[in-house]
Amino acid sequence: MTHYWWSERVGPGFSHSYEVELLYEERTPFQHMFIFNTPFWGRALVLDGVIQLTEGDEYVYHEMMVHVPILGRDQQVRSVLIIGGADGGALREVLTHESVERVVQVELDKAVLKACRKYMPEICRGWDDPRVQLIIGDGAGYMKEAARRGEQFDVILLDSTDPIGPAISLFERPFHEDIAACLSDHGVVVRQSGLPRTMPKVMPFVMKRFEDVLPLVQVYRAPVSVYGDEMAFVAATKDGVALNNPRGDHIGKFYNPGCHRAAFELPTWWNKLIESYEDDGQIPLETINIL
Ligand code: SPD
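By the numbering used here, the letter at position 85 of the sequence shown is numbered 118, and the numbering carries on one by one without gaps.
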């Protein structure tokens, strides 16, 4: 097979290049998908020109997205909703928790799920677990209906792409109101909130949207190498109790109780970004250099 170099534009004048072998390409009804093999990171999923995950470091993102909200509460987590996450990495981590009795996953793009199942079977597993209900459909539409039905979840994970393309509706105000309505009394929601280095307004924008509807909002971070810098996760709790202190002694490939606590210690420049953010309610789409 032919190898060539593929680049992701991470920010202005800043690209990452990967030596790749194309395994699969599809223009789905929603996005342009590539699955590459790379010599350093293993297989990689790319949507609309943005690396979503690689086999080499996906565990950092998925373990931190999942275990922080599940182990950051005193209460056992029984029900989980995942919006997005077609690659199955978040689901895999959720299912490691024996207290979890029910997982609903809502994924927009069936084609991505199908390709991940075929090309990344080690990550994309868990769909056959009897606790899992998979729904192919729009996450915002599902949340609206779930709120109307009075559904409740202990943990909601927003494992979406960045706020461009099909994920846009997941960044709009009504979606956040529906999320708050669907959290149980001790419920937690977590959203991947971009790289403050190159998308500095996404994290504070997401914080504001959750502050509009929930009493406590926190930021924590995870070093996902292929994204280009540290990723921000924004978490919000329904009862206003913080997530900093992990329950138990879960050890993952990245996650451990020390990493859990440390993730809430933010760099000074992140704190400044949060303090200086002026909310105009507009979804921040641009990548800019704030150095
Ligand atoms: N800037 C890259 C953000 C990628 C977020 N999606 C990751 C999906 C992993 N399940």
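For glycine and all other residues, C-beta sits at the position ideal for the given N, C-alpha and C.
Nothing here was measured: the structure is a model prediction, and the numbers come from that model.
- A direct Cα-Cα distance of roughly 15 angstroms separates residue 72 from residue 40.
- For the region 158–231, the full-length alpha helix (DSSP H) segments reaching 4 residues or more read 172–182 and 206–215 along the chain.
- Take residue 123, set aside five residues on each side of it, and the residues of its chain with a beta-carbon closer than 7 angstroms to its own are 95, 98, 99, 115, 190 and 192, in chain order.
- Residue 256 carries a strand assignment under DSSP once its states are collapsed to helix, strand and coil.
- The region 125–143 and the region 152–168 touch, with three or more beta-carbon pairs separated by less than 8 angstroms.
- By the Cβ neighbour-count rule, residue 50 is exposed, with fewer than 16 other Cβ atoms within 10 Å of its own.
- For a cut-off of 8 angstroms, the C-beta gap from residue 112 to residue 186 is around 5 angstroms, short enough to register as a contact.
- For the ligand SPD, no non-hydrogen atom lies closer than 7 angstroms to the CB of residue 71.
- For residue 309, the closest C-alpha among the options 287, 238 and 277 is that of 238.
- When secondary structure is reduced to three states using DSSP, residue 51 falls in the strand class.
- Straight across, the Cα-Cα distance linking residue 226 with residue 195 is about 8 angstroms.
- Within the same chain, and ignoring the five residues on either side of residue 316 in sequence, the residues whose Cβ sits closer than 6 angstroms to its Cβ are 196 and 204.
- Ranked by Cα distance from residue 56, the options 45, 66 and 70 are led by 70.
- Using a cutoff of 7 angstroms, the CB of residue 103 does not count as near the ligand SPD, since none of the ligand's heavy atoms is closer than that.
- For residue 94, the shortest separation between its Cβ and any heavy atom of the ligand SPD lies below 7 angstroms.
- For residue 224, the closest C-alpha among the options 250, 231, 230 and 217 is that of 250.
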